[in-house]
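Visitor: FYI, the working numbering numbers position 175 of the sequence shown as 163, with every residue one higher than the one before it.
Using N, Cα and C, we set each Cβ at its ideal position, and we do this for glycine too.
As the structure is a prediction and not an experimental result, all values here were calculated from the model.
Before anything else, here's the structure in question.
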Amino acid sequence: MDGEDKREQDEQLEAAAASEQAEDSSDAAEKSDVSVTEELASGEAVGGSKAAAPREEEAVDPILEDEFEAPTRRIKKPEVDVEDEILDPDEAPKEWYILKVAFNREETVRDAIIKQINMSGMEGYFGEVLVPTEDIVEFNRSGKRKIVKRKLYPGYLMIYMHVNDDTWFLIRDTTGVSDFTGTAGKPAPMDPAEVERVITSNEDGEDGEKQLKTSIPFKVGERVRVKEGNFQNQEGEVEKLDEANGRISVNINIFGRSVPVELDHWQVEPL
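The structure is reproduced here in structure tokens:
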């Protein structure tokens, strides 16, 4: 083979190698494009970091919008009943109730209740606080007449008020107050007829003056002695009391027989 043939053969070999190299470069480029596309689709970024894959924004139904906020909301329980919250204190319905209080301290406890009400600023929920009494006539040892007040219900008070949690607690928290009268822990309002009887216990008589009762310090069945009058020093047993007139009926033994005798209560004394 001469030199010219040798040169032609070398050129053909070089052309074939160049063609093969071009095909390899094309395949590598295609593979690179595919790799990059896969990386973008899978969220892989160049250099090993992840990129957020693009996604369509989800539409939120306005009607359901509140549901996404619900876990962050807190419902606060009202401190008072809704009814009491909207009531004007001065227009709140009130009734008469009975309070059990310390015996022989009725006036002191009443004053303490009034002080508590004034300090609380809830005067609109309350009315009168009353120690139930009645005017009666008493006679001293010399027979002198005087008018005094007698408690109708020792150990109890009457109060005109609207009951809710706040007013109930205010009264119960006052020193000397035991409890409201009622059942199952619920205050029971007084019967209107009983309220009327207590408040109007001292009515005027026909002559325009008060019809007063007389305090009689005796009980039916008690033994007494007559200290003045026709039956002085006689002993007997109290049969009947007449507070309206201040008289008593005493069974006295006369000539061997028990005879009822009407006397002024101050004419006798206990044995």
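Excluding the 5 residues preceding and the 5 following K270 in the sequence, name in chain order all residues of the same chain whose CB lies nearer than 8 Å to its CB.
Guide: Nothing about residue 270 can be reported from this structure: the residues present for the chain run from -11 to 259 only.
Visitor: Going by DSSP in three states, L87 sits in which element: helix, strand or coil?
Guide: Counted from its first residue, the sequence shown places residue 87 at position 99. L87 falls in the strand class under three-state DSSP.
Visitor: Indicate the three-state DSSP secondary structure (helix, strand or coil) for S239 in the structure shown.
Guide: Within the sequence shown, numbered from 1, the residue matching residue 239 stands at position 251. Note on residue identity: the sequence assigns Asn, not Ser, to residue 239. In the structure shown, N239 sits in a strand (DSSP, three-state: E or B).
Visitor: Measuring CB to CB, does E216 end up less than 8 Å from P258?
Guide: The residue given as residue 216 occupies position 228 in the sequence shown. The residue given as residue 258 occupies position 270 in the sequence shown. Taking 8 Å as the Cβ cut-off, E216 and P258 do not qualify as a contacting pair.
Visitor: Sorted by chain position, which residues of the same chain lie with C-beta nearer than 8 Å to Q255's C-beta, five sequence neighbours on each side aside?
Guide: The residue given as residue 255 occupies position 267 in the sequence shown. Excluding sequence neighbours, Q255 sits near V214, K215, E216 and G217.
Visitor: Quick one: what's got a C-beta closer than 8 Å to E94's C-beta in the same chain, skipping five residues either side?
Guide: Here residue 94 refers to the residue found at position 106 of the sequence shown. Hits under 8 Å: V119, K139, P142, G143, Y144 and L145.
Visitor: Which ranges does the beta strand (DSSP E) cover as unbroken runs of at least 3 residues, wholly within the stretch 118 to 181, from first to last along the chain?
Guide: Fully enclosed beta strand (DSSP E) runs of 3 or longer: 121 to 127, 133 to 139, 144 to 149 and 165 to 168.
Visitor: Taking the alpha-carbon positions, what's the F91 to E79 distance?
Guide: By one-based count along the sequence shown, residue 91 stands at place 103. By one-based count along the sequence shown, residue 79 stands at place 91. Each residue's alpha carbon lies about 33 Å from the other.
Visitor: Would you give the residue range spanned by the beta strand (DSSP E) that E94 belongs to?
Guide: Position 106 of the sequence shown, counting from 1, holds the residue named residue 94. Premise fails: E94 lies in the alpha helix (DSSP H), E94 to S108, not in any beta strand (DSSP E).
Visitor: With 16 other CB atoms within 10 Å as the buried threshold, where does V97 fall?
Guide: What you label residue 97 is simply residue 109 of the sequence shown in a count that begins at 1. Buried, since its Cβ has 16 or more Cβ neighbours within 10 Å.
Visitor: Suppose contacts are defined by Cβ-Cβ distances below 8 Å. Is M149 in contact with G170 by that definition?
Guide: Taking the sequence shown and counting its residues from 1, the one referred to as residue 149 is at position 161. Taking the sequence shown and counting its residues from 1, the one referred to as residue 170 is at position 182. For M149 and G170, no; Cβs fall outside 8 Å.
Visitor: Put E210 into one of helix, strand or coil per three-state DSSP.
Guide: For the purposes of this step, residue 210 is identified with residue 222 of the sequence shown, where counting begins at 1. Residue state, collapsed to three classes: coil.
Visitor: Give every residue of the same chain whose Cβ lies closer than 8 Å to the Cβ of P175, excluding the five residues on either side of it in the sequence, and list them in chain order.
Guide: Walking along the sequence shown from the start, residue 175 turns up at place 187. Answer for P175: Y85, V151, W156, F168 and T169, listed in chain order.
Visitor: Can you look up E111 in the DSSP assignment and give me helix, strand or coil?
Guide: Taking the first residue of the sequence shown as 1, we reach residue 111 at position 123. Looking at E111 - three-state DSSP - the assignment turns out to be helix.
Visitor: Is there a C-beta anywhere in chain B that falls below 8 Å from the one on L200?
Guide: Within the model displayed, chain B is absent; a lone protein chain is all it includes.
Visitor: When burial is assigned at 16 or more other CB atoms within 10 Å of the CB, is A58 buried or exposed?
Guide: On the sequence shown, position 70 is the one that residue 58 refers to. Low confidence applies to A58: its pLDDT is 41, below 50, so where it sits in the model is not reliable, and the reading given next is rough at best. Answer is exposed; the Cβ neighbour count stays below 16.
Visitor: So P258 is in the beta strand (DSSP E); what residue range does that whole segment cover?
Guide: For this step, residue 258 is matched to residue 270 along the sequence shown. Taken as a continuous stretch (DSSP letters only), the beta strand (DSSP E) holding P258 covers V256 to P258.
Visitor: Per DSSP, what are the beta-bridge partners of R185 in this structure?
Guide: Walking along the sequence shown from the start, residue 185 turns up at place 197. BP columns for R185 are empty, so no partner.
Visitor: Can you tell me whether I135 is buried or exposed, with buried defined as 16 or more other CB within 10 angstroms of its CB?
Guide: Numbered from 1 along the sequence shown, position 147 holds the residue referred to as residue 135. Looking at its Cβ environment, which holds fewer than 16 other Cβ atoms inside 10 Å, I135 is exposed.
Visitor: Measure from the alpha carbon of V183 to the alpha carbon of each residue in L229, M110 and V117, then state which is nearest.
Guide: Along the sequence shown, one-based indexing puts residue 183 at 195. Ranking L229, M110 and V117 by Cα distance to V183 puts V117 first.
Visitor: Which whole-angstrom value describes the C-beta separation of E227 and P205, a residue pair presumed to lie in contact below a C-beta threshold of 8 Å?
Guide: In the sequence shown, counting from the first residue as 1, residue 227 sits at position 239. In the sequence shown, counting from the first residue as 1, residue 205 sits at position 217. About 16 Å; that fails the 8 Å criterion.
Visitor: For the beta strand (DSSP E) containing G234, name the first residue and the last one.
Guide: In the sequence shown, counting from the first residue as 1, residue 234 sits at position 246. Element bounds for G234: n/a, residue is neither H nor E.
Visitor: E227 by DSSP, collapsed to three states: which one?
Guide: By one-based count along the sequence shown, residue 227 stands at place 239. In this structure, E227 counts as strand in the three-state DSSP scheme.
Visitor: Per DSSP, E250 forms a beta bridge with which residues?
Guide: Against the sequence shown, residue 250 aligns to sequence position 262. DSSP, once it has assigned bridges, lists S237 as partnering E250.
Visitor: Cα separation between M110 and E83?
Guide: For the purposes of this step, residue 110 is identified with residue 122 of the sequence shown, where counting begins at 1. For the purposes of this step, residue 83 is identified with residue 95 of the sequence shown, where counting begins at 1. So the two alpha carbons sit approximately 16 Å from each other.
Visitor: Just mark G224 as buried or exposed, buried being the case when its beta carbon has 16 or more other beta carbons within 10 Å.
Guide: Your numbering for residue 224 matches position 236 in the sequence shown. Buried is the call here.
Visitor: Per DSSP, K201 forms a beta bridge with which residues?
Guide: Within the sequence shown, numbered from 1, the residue matching residue 201 stands at position 213. DSSP, once it has assigned bridges, lists I124 as partnering K201.
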